[in-house]
Amino acid sequence: MTGPRSAVVANPAKAPDELRHTIERMLAEAGWPRPTWHETTPEDTGKGQAKRAMADGAELIFVCGGDGTVMAVVGALAGSGVAMAVLPAGTGNLLAANLGLVGDLPAAVQVALDGGRRRIDVGVAGDRCFAVMAGMGFDAQMLAGTSEQAKKRFGWLAYVAGGFKHLRDRPMRARIVLDNRPPMPRRPRTVIVGNVGRLQGGVRLLSRADPADGKLDVAILSPNNLGHWASLAWAVLRRRERVPLMETFTAERVEIHTRRIEPRQLDGDLIEPGRVLKINVKPRALLLCVPLPEGDPDLAYDVKAAARRASS
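For the sequence shown, our numbering assigns the number 94 to the initial residue and increments by one for each residue that follows.
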């Protein structure tokens, strides 16, 4: 056996039936040892399982589940030398979307086998880590307004319907502090703090985001009516350099203070609402399996080549 020792942390409710067979077959064909298996529970969504796998000697951990499972494993692996490979599952899969791997399990396994590795930054909010995005306001309202039944039936498109319910809601009254600079008073609909650029469905919101630059990208969105929302969405979908009603910044530390309690989310997973969201960055804390060549800022670069190798 020539490959590293690996483990799989999987949410049994979201892992596809063919998951075990596909992983064990592809790893065996590549000469890797058989992985150990660790199922998540409602009480432990992945952090404890990942730590046990590391203690048992795992050098690479496959994670298969929704955004909450991925975020839990990120929290366990941040700062370690153990690599993480993301397997698409669930309806959110923000990190899988940024790797270009949504819906393609063999390609995701192939990415790990190919050996592309990249150390990326990790965001920290309180005692939780995230790899993709945190947000306060409309983006979290959209998640809260989407039922599990709708997500199972329509996939990520269900979030669009969930967002329509809140397009006319009042904006927040917020103070945003970046790297201890003077507070910026704003009346945004949402504030998104991102490490990478893609949202649900692969929509690229933060075109300049680099997951390994030691900084977080901050987007302040301030549409006030349906026309504003339409202009903003059109510019994002067309990947225009300048997006109306959206300010962007970079910072190592971000604080968002609001007048009233607002919904909040980390990596597409809702956390308790609050009036404050404080975030800082851990530079290059997570070793992530990425498509080759691993040096491109776009984590999904050349993922189609991995898919072709997997299918052959």
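Cβ atoms here follow ideal geometry from the backbone N, Cα and C, with glycine treated the same way.
Coarse secondary structure for residue i, derived from DSSP in three states
{"i": "Leu380", "result": "strand"}
{"i": "Lys371", "result": "strand"}
{"i": "Gly219", "result": "coil"}
{"i": "Gly228", "result": "strand"}
{"i": "Gly320", "result": "helix"}
{"i": "Ala393", "result": "coil"}
{"i": "Asp306", "result": "coil"}
{"i": "Ala182", "result": "coil"}
{"i": "Arg346", "result": "strand"}
{"i": "Met177", "result": "strand"}
{"i": "Pro407", "result": "Nothing can be reported for residue 407: it is not among the residues displayed for the chain, which extend from 94 to 405."}
{"i": "Met277", "result": "strand"}
{"i": "Val336", "result": "coil"}
{"i": "Pro366", "result": "strand"}
{"i": "Ser300", "result": "coil"}
{"i": "Arg401", "result": "helix"}
{"i": "Val202", "result": "helix"}
{"i": "Leu330", "result": "helix"}
{"i": "Leu314", "result": "strand"}
{"i": "Asp214", "result": "strand"}
{"i": "Leu188", "result": "helix"}
{"i": "Leu236", "result": "helix"}
{"i": "Leu271", "result": "strand"}
Whole-angstrom C-beta distance between residue j and residue i, which should lie under 8 Å
{"i": "Val284", "j": "Val311", "result": "7 Å"}
{"i": "Val286", "j": "Ile372", "result": "5 Å"}
{"i": "Pro316", "j": "Arg280", "result": "No, Pro316 and Arg280 are not in contact; Cβ-Cβ is about 11 Å, not under 8 Å."}
{"i": "Thr129", "j": "Asp110", "result": "That pair is no contact at about 19 Å."}
{"i": "Met147", "j": "Leu380", "result": "Rounded, the Cβ-Cβ distance is 12 Å, inconsistent with contact."}
{"i": "Gly193", "j": "Val396", "result": "4 Å"}
Candidates the options, of which the one nearest residue i by Cα
{"i": "Met265", "options": "Arg352, Cys222, Val217 and Ala326", "result": "Arg352"}
{"i": "Arg333", "options": "Ile354, Asn317, Leu299 and His350", "result": "Leu299"}
{"i": "Ala190", "options": "Gly361, Ser324 and Pro376", "result": "Gly361"}
{"i": "Ser173", "options": "Gly161, Met339 and Leu153", "result": "Leu153"}
{"i": "Arg368", "options": "Ala205, Asp220, Thr138 and Gly228", "result": "Gly228"}
{"i": "Asp220", "options": "Pro376, Leu392, Gly168 and Gly193", "result": "Gly168"}
{"i": "Asp272", "options": "Val202, Arg211 and Glu345", "result": "Glu345"}
{"i": "Val202", "options": "Val289, Leu319 and Val383", "result": "Val383"}
{"i": "Pro376", "options": "Ser404, Arg263 and Ala171", "result": "Ala171"}
{"i": "His321", "options": "Glu387, Gly307 and Pro337", "result": "Pro337"}
{"i": "Asp391", "options": "Val374, Arg211 and Val347", "result": "Arg211"}
{"i": "Pro356", "options": "Ser404, Val347, Gly230 and Glu348", "result": "Gly230"}
{"i": "Gly301", "options": "Thr341, Val204, Phe155 and Glu122", "result": "A small correction: the amino acid at residue 301 is Arg; Gly does not occupy that position in the sequence shown. It is Thr341."}
{"i": "Leu206", "options": "Arg274, Asp160 and Ser99", "result": "Ser99"}
{"i": "Asp262", "options": "Ala218, Leu319, Gln242 and Ala305", "result": "Leu319"}
{"i": "Asn104", "options": "Asp137, Arg401 and Arg127", "result": "Asp137"}
{"i": "Gly161", "options": "Ala400, Ile364 and Ser404", "result": "Ile364"}
{"i": "Arg113", "options": "Gly196, Phe155 and Val204", "result": "Phe155"}
{"i": "Leu222", "options": "Ile313, Gly307, Gly196 and Ala378", "result": "A quick correction: the sequence has Cys, not Leu, at residue 222. Ranking the options by Cα distance to Cys222, first place goes to Ala378."}
{"i": "Pro278", "options": "Arg145, Leu325 and Ile313", "result": "Ile313"}
{"i": "Val175", "options": "Gly196, Ala151 and Trp327", "result": "Ala151"}
Own chain, CB closer than 6 Å to residue i, minus 5 neighbours either side, in chain order
{"i": "Ala108", "result": "Cys157 and Ala182"}
{"i": "His350", "result": "Arg268 and Val369"}
{"i": "Gln358", "result": "Gly228, Ala233 and Leu236"}
{"i": "Pro386", "result": "none"}
{"i": "Leu188", "result": "Val163, Val179, Ala224 and Val225"}
{"i": "Met119", "result": "Val202"}
{"i": "Ala393", "result": "Leu192 and Gly193"}
{"i": "Arg402", "result": "Gln203"}
Close-in-space but distant-in-sequence residues of the same chain around residue i (CB under 7 Å, 5 per side omitted)
{"i": "Ala323", "result": "none"}
{"i": "Gln142", "result": "Val102, His131 and Thr133"}
{"i": "Ala106", "result": "none"}
{"i": "His259", "result": "Phe231, Gln234, Met235 and Gly238"}
{"i": "Ala305", "result": "Arg211, Arg212, Ile213, Asp214 and Arg377"}
Neighbourhood of residue i by C-beta, 8 Å cutoff - its chain only, sequence neighbours within 5 removed
{"i": "Ile354", "result": "Pro366, Gly367 and Arg368"}
{"i": "Thr115", "result": "Leu198, Pro199 and Val202"}
{"i": "Arg73", "result": "This structure does not reach residue 73, given that the chain is present from 94 up to 405, and the question cannot be answered."}
{"i": "Leu309", "result": "Asp214, Gly216, Val286, Gly287, Asn288, Thr343, Ala344, Glu345, Val347, Ile372 and Val374"}
{"i": "Lys140", "result": "Ala165, Val166, Gly168 and Ala169"}
{"i": "Ala398", "result": "Pro384 and Leu385"}
{"i": "Arg127", "result": "Glu117, Leu120 and Ala121"}
Ordered list of alpha helix (DSSP H) runs contained in the stretch 104-175, each at least 4 residues = Listed in chain order, the alpha helix (DSSP H) runs fully inside the stretch 104-175 are 112-122, 140-148 and 160-170, counting runs of at least 4 residues.
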